[in-house]
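One structure is given here, and the rest of the page talks about it.
Numbering (the working numbering), first residue to last: 77 to 513.
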């Protein structure tokens, strides 16, 4: 039986002992929204942590992946935490993936945690299933979560030499070919990505995540460990949220750098808001999301709550729109996923045509990148991000990588889009103390 207890937070700044949790448990999800009182992004918990697993679902086969996920969902009456990789598209649409994959993440993976800690503003509580964990054990786990990690002097991640799977020449060649598809009317927009990677790397993942979160302070930050697979995420983007019978999606399309000079920073925000190319990208994806939502929405309830909203992050400004609907009755969790996944902001329009071309021109399986990580609460509500601005690490084969991309439209220019990819990769290069070979 799922039980809930209030928890008295330690005084001072909330420091999560990720290093200790990482050594002790095989499954961890730490979600930090870096929330502030003026935030307008529909954020619920400011911190949500899932520790250990009582049961786990790990699927590699696309044939019945969503069927098994729904069965797992239906059998649980508590919290679930997990992820959906981009290649889940192959079970939703008649698509396939044959590019190289050095991370080998399962297609999807979810677990029912031993203990869940939740902080909402100044209130904190923890949940536990007393069939698996006693109240005393659960509190000890939460106390450990905020215990001081032993100091390690002079322990640093070594400098990493990063390689790119696509040279700049190859990037521009693919860009021009994709632009031709736009001119021919095959697609209107496509998100084209490139992978930056390093091999034989021993990564101290808690340190890297903390640095990444400090630099980015994103609303959908996540540290996730699933056995040997790690996600260190500083995503600014929500994929989909369900609260009661309301669904919202908040696609990002439109990015511009920041300035340390306040007056110049304000000019950059206005420049982004008035940029015709960025507005064109954004409205195309808004229309795509509206269409996806219409499959699961009560008639006449799909709405654009905010169009071309400009949101400021530590390193960039983004253009974000919010689309919502009221959910039809008796729509299952996986039916919602079937209707919405993968997210239009990471594919293009029309979605299926764009995904075919992505497979042809990208050199790497996206895997968890441009998939989603999140949680399902005991009452059936859920929240999933878009996995971008993220470092992926396989501790078994010591492979680390991050992927960045940008949207190609009729008005796009190759040099600008390539530079946007590097701008989005800036934080990952910095926290890895990495340089591009």
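Heads up, the beta-carbon is just placed ideally off N, CA and C, and yes, glycines get one too.
Just so you know, these numbers come straight off a predicted model, no measurement behind them.
Tell me the rounded alpha-carbon separation between residue i and residue j.
i: residue 222; j: residue 79; result: 21 Å
i: residue 113; j: residue 389; result: Only weak support is given to the placement of residue 113: the predicted model assigns it a pLDDT of 43, under 50, and the value that follows is read from those uncertain coordinates. Taking the straight line from one Cα to the other gives about 15 Å.
i: residue 90; j: residue 124; result: 12 Å
i: residue 147; j: residue 160; result: 16 Å
i: residue 415; j: residue 336; result: 41 Å
i: residue 276; j: residue 100; result: 24 Å
i: residue 268; j: residue 152; result: 38 Å
i: residue 137; j: residue 183; result: 7 Å
i: residue 236; j: residue 219; result: 35 Å
i: residue 249; j: residue 331; result: 23 Å
i: residue 386; j: residue 344; result: 11 Å
i: residue 460; j: residue 315; result: 6 Å
i: residue 263; j: residue 164; result: 22 Å
i: residue 495; j: residue 93; result: 36 Å
i: residue 134; j: residue 506; result: 32 Å
i: residue 175; j: residue 435; result: 7 Å
i: residue 286; j: residue 128; result: 21 Å
i: residue 191; j: residue 157; result: 11 Å
i: residue 402; j: residue 280; result: 43 Å
i: residue 105; j: residue 251; result: 36 Å
i: residue 240; j: residue 472; result: 21 Å
i: residue 194; j: residue 453; result: 11 Å
i: residue 458; j: residue 319; result: 7 Å
Taking buried to mean at least 16 other C-beta atoms within 10 Å of its own C-beta, is residue i buried or exposed?
i: residue 230; result: In this predicted model, residue 230 has a pLDDT of only 47, less than 50, meaning its place in the structure is not dependable; the value taken from the coordinates is given anyway. Exposed, since its Cβ has fewer than 16 Cβ neighbours within 10 Å.
i: residue 25; result: This structure gives no information on residue 25, because the portion of the chain shown stretches from 77 to 513.
i: residue 479; result: buried
i: residue 338; result: exposed
i: residue 259; result: exposed
i: residue 308; result: buried
i: residue 88; result: exposed
i: residue 81; result: exposed
i: residue 391; result: buried
i: residue 245; result: exposed
i: residue 482; result: buried
i: residue 489; result: exposed
i: residue 84; result: exposed
i: residue 290; result: exposed
i: residue 497; result: buried
i: residue 354; result: buried
i: residue 350; result: exposed
i: residue 253; result: exposed
i: residue 292; result: buried
i: residue 86; result: exposed
So the candidates are the options; which of them puts its Cα closest to the Cα of residue i?
i: residue 509; options: 283, 168 and 141; result: 283
i: residue 501; options: 467, 483, 176 and 180; result: 467
i: residue 301; options: 126, 111, 499 and 85; result: 126
i: residue 154; options: 173, 130 and 135; result: 130
i: residue 396; options: 136, 201, 324 and 307; result: 324
i: residue 179; options: 498, 460 and 476; result: 476
i: residue 449; options: 85, 369 and 108; result: 108
i: residue 462; options: 472, 202 and 446; result: 446
i: residue 313; options: 394, 83 and 168; result: 394
i: residue 294; options: 503, 84, 81 and 242; result: 503
i: residue 439; options: 106, 190, 272 and 166; result: 272
i: residue 121; options: 444, 132 and 202; result: 202
i: residue 408; options: 144, 429, 172 and 342; result: 144
i: residue 426; options: 168, 77, 367 and 452; result: 367
i: residue 419; options: 209, 285, 489 and 369; result: 369
i: residue 433; options: 216, 257 and 96; result: 257
i: residue 77; options: 209, 410, 405 and 166; result: 209
i: residue 443; options: 185, 361, 198 and 333; result: 185
i: residue 149; options: 168, 361, 410 and 470; result: 410
i: residue 406; options: 96, 474 and 456; result: 456
i: residue 424; options: 142, 484, 303 and 310; result: 484
i: residue 238; options: 266, 270 and 211; result: 270
Report the partner residues of residue i according to the DSSP bridge assignment.
i: residue 407; result: Answer by DSSP bridge pairing: none, since residue 407 is not bridged.
i: residue 395; result: 386
i: residue 380; result: 399
i: residue 310; result: 297
i: residue 78; result: 205
i: residue 330; result: Per DSSP, none; premise fails for residue 330.
i: residue 451; result: 157 and 459
i: residue 271; result: 479
i: residue 105; result: 126 and 300
i: residue 470; result: 305 and 475
i: residue 132; result: 187
i: residue 446; result: In DSSP, residue 446 forms no bridge with anything.
i: residue 373; result: 403
i: residue 322; result: 319 and 402
i: residue 420; result: According to DSSP, residue 420 bridges with nothing at all.
Let me see if you follow: with CB-CB separation under 7 Å, is residue i close to chain D or not?
i: residue 137; result: Of the protein chains in the structure, only one exists, and it is not chain D.
Pick out the complete beta strand (DSSP E) segments inside the stretch 147-231, 3 residues or longer, and give them in chain order.
-> The qualifying runs are 156-160, 184-196 and 199-205.
Length-filtered (4 minimum) alpha helix (DSSP H) runs lying within the stretch 234-261 = Listed in chain order, the complete alpha helix (DSSP H) runs (minimum 4 residues) inside the stretch 234-261 are 244-260.
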